[in-house]
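**Q** Read in order, the letters of the sequence shown are residues 1447 to 1537 in my numbering.
Take a look at this one; I'll ask things after.
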Amino acid sequence: MKILPLILGMMFSVSVLAAKVEVDVVGMTCGMCVEAITKELNSTEKAENITVNLDDKKARFTEVKNKKLTDSEIKAAIKKAGYEAIKIRRY
Ligand SMILES: [Cu+2]
């Protein structure tokens, strides 16, 4: 049984999976807030599948493959849009 290459292959494919990120944002109240935040996250060119939800006040996105968007970059982008990122989760 060639189990080792299989395990290594699985580990590799997990490591290159883009992280999903969820950010709690303070201050957004309407659709224009949603647009502003989406635009700033998009302009980092390190986030994709961006969704900003007004109901739960969260921004969600996946990191572009092999491009790590750090917590401080996320906070800076949200701040640039005029809001504050208070909690960042990766999973
Ligand atoms: Cu607004």
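Where is the CB? At the ideal position from N, CA and C, for every residue including glycine.
Considering only C-alpha positions, which residue in the set Leu1487, Glu1481, Met1474 is nearest to Val1467?
**A** As a first step, residue 1467 must be located in the sequence shown, where it is residue number 21. Per the Cα distances, Leu1487.
**Q** Thr1490 by DSSP, collapsed to three states: which one?
**A** Reading the sequence shown from its first residue, position 44 is the one you call residue 1490. The answer is coil: DSSP assigns Thr1490 none of H, G, I, E or B.
**Q** Nearest chain B C-beta to Asn1512 closer than 8 Å, yes or no?
**A** Absent from the structure is chain B; it holds one protein chain and no more.
**Q** Under the criterion of a Cβ to heavy atom distance below 7 Å, does Thr1484 qualify as lining ligand 1?
**A** Counting from 1 along the sequence shown, the entry for residue 1484 is found at position 38. Not under cutoff, so the answer is no.
**Q** Taking the runs of the beta strand (DSSP E) that are 3 residues or longer, which of them lie wholly in the segment 1467-1537?
**A** Listed in chain order, the complete beta strand (DSSP E) runs (minimum 3 residues) inside the segment 1467-1537 are 1493-1499, 1504-1509, 1530-1536.
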